[in-house]
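Start counting the sequence shown at 333; every next residue gets the next number (our numbering).
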Amino acid sequence: MFKKTYVLLLLILLHFCFSGFAGGIKGTIKNKKGEQLSYASIIVKGSSRGTMANDEGRYELALEKGSYTIIFQYLSHKTLEKTLEIGSDYVIFDAILEEQSVALNEVRFSAKAEDPAYTIMRKAISMARFKVLELDAYTARTYVKGTAKVNEVSGLIKMLAGKKIEKETGLKIGQTYVIESINDINFKQPSNVKEKVISARNNLPKQLQEQGANFIPVARTSFYNPKSFGDMISPLSPTALAYYKFKYEGDFNENGLTVNKIRVIPKSEGENVFSGVINIIEDSWYIHSVDLKFKDDNSSNTIKIIYSPFKEVWLPVSYAFRSDFDAFGFNGFFNYVTNVRNYTVSINEKYHQKPVVIDEKIDKAEAIALKSEKVDTKTSLKQKEITRKQLEKFLKASEKEDKKERKSKGEDVALVRSYSIEVDTLFKKRTTDFWNIERQVPLTDYEIKGYAQADSITKANEGQYKKDSIKNLPVFKVSHLVLGKTYNYGKRDDIFGFYPQSLTYASPIAQIPLLDFVNSLDGYYLQAGIKYETRNKLINRTSLFADLKYAIGRQILNFDIGYFNFQIKKNRSFEIKAGRNIQQFNANNPISPFTNTVYTMLGEENYMKIFQKDFASLEYRKRFSPLFVGILGVEYAQKKELQNLPNFKPWIDIKDKEFSSNQPTVIELNDK
């Protein structure tokens, strides 16, 4: 009787836990031509809840019973609002979005010869820093998904390393791999980001999972910063006009706001510039959306971001990145999408202002009239006419004031950026019901197929994988002396993939494929190394190491022995080393051993100039910010000049040719 009552109560509890999300909306998003709109944004009006469509234009959003106004957004299309009644089942609604009609504003062209895009962008650039600083803090929940597939591998790669790659990584050609993650973001000025992985799923091979590929972080690219997406120059960078041309392609109206469509055109092709479209909201100068592309030698990439207003601040709600790559014999693609919801935002009112920005280049009379007006940190900028130069002065004074205030509170003002990530202990154990509610972007058909294929492959290879795992246990074999080996000890970290302790032996054989075994001063030489390392999660890493190099021609043993400690959270390291080694005169090591060996043995040219050094050294490093690293070091060294071996012969001995002396060439510059 008690057991039946317990089961009944459990069922009732589960009903109340999940009945609130019994229904919702789902469907497809297309344009009037019937084309699917990949990664369109779906937002519940008046809230921070929402989702985004997948690559096939399908969407799904769990909601409690009630009436909702749903907003559908997509780049270059009109926003659609639809009120729907949600009951106990899912409502099917297929959204059809109209293409946005863009009108040219004739007033902007009047008698001014300059393209109107330039004054729009100058004003947006002058306000970009305000957009960074007005967000005092925010929290949000994100759904992140990465999808990758290697379509083909060149015959040469297959022949040289195909089996090794598959064995070490488990990756299969033509297999779709998916990694999903539910992450919470906590941001606080000046740039303190804490990320927590709530749950993660993937169909990656066990080999990669054991190396720590278990979750995917949130992309936090901001085009309001001078550089975005690594070292790419943002169209809103203070230096943007040196890198880009801009073209005004018209504007459109959205909920009473005028949105300017600006074409971004690089002045010259390069790997650090974008091309495409950025949409800027008139008067407030927020980014409405971006559709940008960039290329490098190995890939073609696309970035699409849609923004929505929260407390009158426009923040990114959907982020889609695609990279099609063809490099080093591998051809494939990588998709990355992020949906952001449940924003809670804290605003800094000092920067959350809406001035009337005067462009000195266009509005010259107004700028002259405002020149004498004093602007300081107490000046209210709301609806105030102000020049771009005055805005710059206001920003400098305000940030200086902020820094002084943080310093008085005992905060580390030298800290420019701080990032930490925490992984929930249950991140691998969330139920299917949890994922049905939290997954914000439905899986595509090929992603579902990828999960199914991976499950089949995993089951088929389970026996072999166990055998390989047993092989990898830290047991010494004589063959390890020849081939080298890493012995891992302790329980592997399930999240980041490393072992608490490891012992690595590098064999002399390992340097032969790199052609690092001969020069004209040492003759042939053998190298080996051993390193013992301990790691305490992401807090501390300590190493003891010894590198040996025996020069057969000189019959001398070179060696480095040392101790290294890296305290990750404190961003500092300490190293002590001693030994005898050879170094190039040029500390930048411009000549690689591979290049030197080829020229030495085949062309009788010894371009690498080296000397012997007996030394002992201490070094302490402290990283204060991404831009500032402090280094304190001391070294005692005795240097010895080396001569070419008199009887050393290259593989191709060229008649009447000898190796040049081991003296570096000094290039002297004069004004004659």
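We put the beta carbon where it would ideally sit given N, CA and C, even for glycine.
Nothing here was measured: the structure is a model prediction, and the numbers come from that model.
Asked, Found
"Where do the N-terminal and C-terminal ends of the alpha helix (DSSP H) with Arg454 fall, by residue?", "Pro448 to Leu465"
"Relative to the alpha-carbon of Phe1058, which residue among Ala449, Thr709 and Lys972 has its alpha-carbon at the smallest distance?", "Residue 1058 is absent from the model: the chain starts at 333 and stops at 1004."
"I'd like the list of long-range same chain contacts for Asn630, defined as Cβ closer than 6 angstroms, with 5 residues on each side in sequence excluded.", "Phe657 and Ala659"
"Roughly how far, in whole angstroms, is the beta-carbon of Leu974 from the beta-carbon of Gln995, given that I think they are within contact range, below 8 angstroms?", "About 11 angstroms; that fails the 8 angstroms criterion."
"Roughly how many angstroms separate the alpha carbons of Glu367 and Phe666, rounded to a whole number?", "22 angstroms"
"Taking C-alpha atoms, which residue in Asp854, Leu846 and Lys504 lies nearest to Tyr882?", "Asp854"
"Are there three or more Cβ pairs, one per stretch, closer than 8 angstroms when the segment 392-400 is compared with the segment 366-383?", "yes"
"What is the DSSP secondary structure of Ser811, counted as helix, strand or coil?", "helix"
"Throw me the rounded Cβ distance for the Tyr450 and Ala551 pair, which I believe falls under 8 angstroms.", "In fact, because the Cβ distance is near 29 angstroms, the residues do not count as touching under 8 angstroms."
"Does Ser560 come out as helix, strand or coil in the three-state DSSP assignment?", "strand"
"Since Ile914 sits in a beta bridge, which residues does DSSP pair it with?", "Gln944"
"Check whether the Cβ atoms of Gly324 and Lys627 sit closer than 8 angstroms, and answer yes or no.", "Outside the displayed span of the chain (333 to 1004) sits residue 324, for which this structure offers no information."
"Whole angstroms is fine: what's the gap from Tyr286's alpha carbon to Glu692's?", "The requested residue 286 does not occur in the structure, where the chain is confined to residues 333 to 1004."
"Skipping 5 residues on each side, what residues in its chain have a beta carbon closer than 6 angstroms to that of Ser531?", "Ile514, Phe759 and Arg762"
"Can you pull the DSSP bridge partners for Pro598?", "Tyr576"
"Thinking C-alpha only, which one of Ile914, Lys901, Pro840 and Ile893 is nearest Glu907?", "Ile893"
"Which class does Phe849 belong to by DSSP, given the choice of helix, strand or coil?", "coil"
"Spell out the partners DSSP gives Phe653 in its beta bridges.", "Ile635 and Tyr668"
"When DSSP labels each residue in this structure, what does Asp615 get in the three-state scheme?", "coil"
"On a Cα-Cα basis, can you pick out the residue from Asn546, Val423 and Gly359 that is closest to Phe830?", "Asn546"
"Do Tyr509 and Leu536 have their C-beta atoms closer together than 8 angstroms?", "yes"
"The beta strand (DSSP E) that contains Phe877, what's its start and end?", "Asn872 to Ala883"
"Using DSSP with H/G/I as helix, E/B as strand and the rest coil, what is Ala701?", "helix"
"Have a look at Phe991 and Gly562 and give me their C-alpha separation to the nearest angstrom.", "45 angstroms"
"Should Ser433 be labelled buried (16 or more other beta-carbon atoms within 10 Å of its own) or exposed?", "exposed"
"Would you check if the distance between the CB atom of Pro570 and the CB atom of Ile428 is smaller than 8 angstroms?", "no"
"Could you tell me which residues DSSP puts in a beta bridge with His409?", "Glu431"
"On a Cα-Cα basis, can you pick out the residue from Phe891, Gln843 and Lys971 that is closest to Phe926?", "Gln843"
"What do you reckon, are the CB atoms on Thr383 and Ile374 nearer than 8 angstroms?", "yes"
"Report all residues from its chain with a CB closer than 6 angstroms to the CB of Ser993; omit the five preceding and five following residues, and keep chain order.", "none"
"What residues in its chain sit with their C-beta under 6 angstroms from that of Met564, if we drop five residues either side in the sequence?", "Asn604"
"How far does the alpha helix (DSSP H) with Asp765 in it reach, from first residue to last?", "Thr764 to Glu770"
"Any contact between the segment 683-701 and the segment 712-723? By contact I mean 3 or more CB pairs, one from each, below 8 angstroms.", "yes"
"Taking the C-alpha atoms as reference points, what is the distance between Lys538 and Thr932?", "44 angstroms"
"Would you list the residues sitting across from Ala394 in a DSSP beta bridge?", "Gly356"
"Cα separation between Ile505 and Gly661?", "12 angstroms"
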